[in-house]
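Residue numbers (the numbering used here): 49 to 242.
Let me begin by presenting the structure, written as structure tokens, before commenting on it.
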């Protein structure tokens, strides 16, 4: 996989995991058409992300950021942003319009959102040579709460420690292979799924 493909895949991973825009890298050094096609086909029209989308608020933030960067990129005269990207962004804006005379519609608690995590199994890494980036990865999608504390518990979300420990266990599977492991306070259960 080339460096450009890795950077584009990083955009997909960031979008799927609801990563803040300031932590994502937009590969403006790549050709406009390559980035545009990837965002359209692998993010906006991705069948998995259509079924399990990030929250509308996150999508709105992401597409505002992405369209701004696409619009400011150097491009050929006939390069344009596909209307499906603009239409999707506009539909998100329309759905987030506050209701008149309802102050609660202006600010409420964060809503639940699907979060998709990608990881590569070490044994697949050796077997996979010329496959698409996404095909070489396993995914787990969870419906998570976006609040830190809900119902008196810190559950219903995947914590950073869980992501770090899962990455360690994926890279060293012999630590838990054929062993009984008891997981307490597992939040969404991400680590147990991995």
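We put the beta carbon where it would ideally sit given N, CA and C, even for glycine.
Under the three-state DSSP convention, the category residue i falls into
i	result
residue 229	coil
residue 239	helix
residue 66	coil
residue 50	coil
residue 175	At residue 175 the pLDDT is 46, less than 50, meaning the model places this residue with poor confidence; the figure from the coordinates comes in the next sentence. Helix.
residue 144	coil
residue 74	coil
residue 85	helix
residue 212	helix
residue 135	helix
residue 223	helix
residue 243	Since the first and last residues shown for the chain are 49 and 242, residue 243 lies out of range.
residue 100	coil
residue 106	helix
residue 128	coil
residue 61	helix
residue 123	coil
residue 113	helix
residue 204	coil
residue 169	coil
Contact under 8 Å by Cβ, residue i with residue j
i	j	result
residue 100	residue 185	no
residue 88	residue 132	yes
residue 95	residue 63	no
residue 69	residue 109	yes
residue 208	residue 193	no
residue 104	residue 56	no
residue 52	residue 73	no
residue 213	residue 224	no
residue 242	residue 188	yes
residue 27	residue 97	Within the shown structure, residues of the chain are numbered from 49 to 242, placing residue 27 beyond reach of any answer.
residue 210	residue 230	no
residue 84	residue 117	no
residue 138	residue 160	no
Candidates the options: closest to residue i by CA position
i	options	result
residue 115	220, 64, 207 and 80	80
residue 67	204, 229 and 165	165
residue 135	210, 127, 112 and 211	112
residue 77	107, 65, 93 and 123	123
residue 169	71, 221, 227 and 130	221
residue 106	211, 226 and 65	65
Cβ-heavy atom distance, residue i to the ligand GDP, below 7 Å
i	result
residue 118	For the ligand GDP, the structure offers nothing, since it holds no ligand at all.
Bridge partner(s) assigned by DSSP for residue i
i	result
residue 163	190
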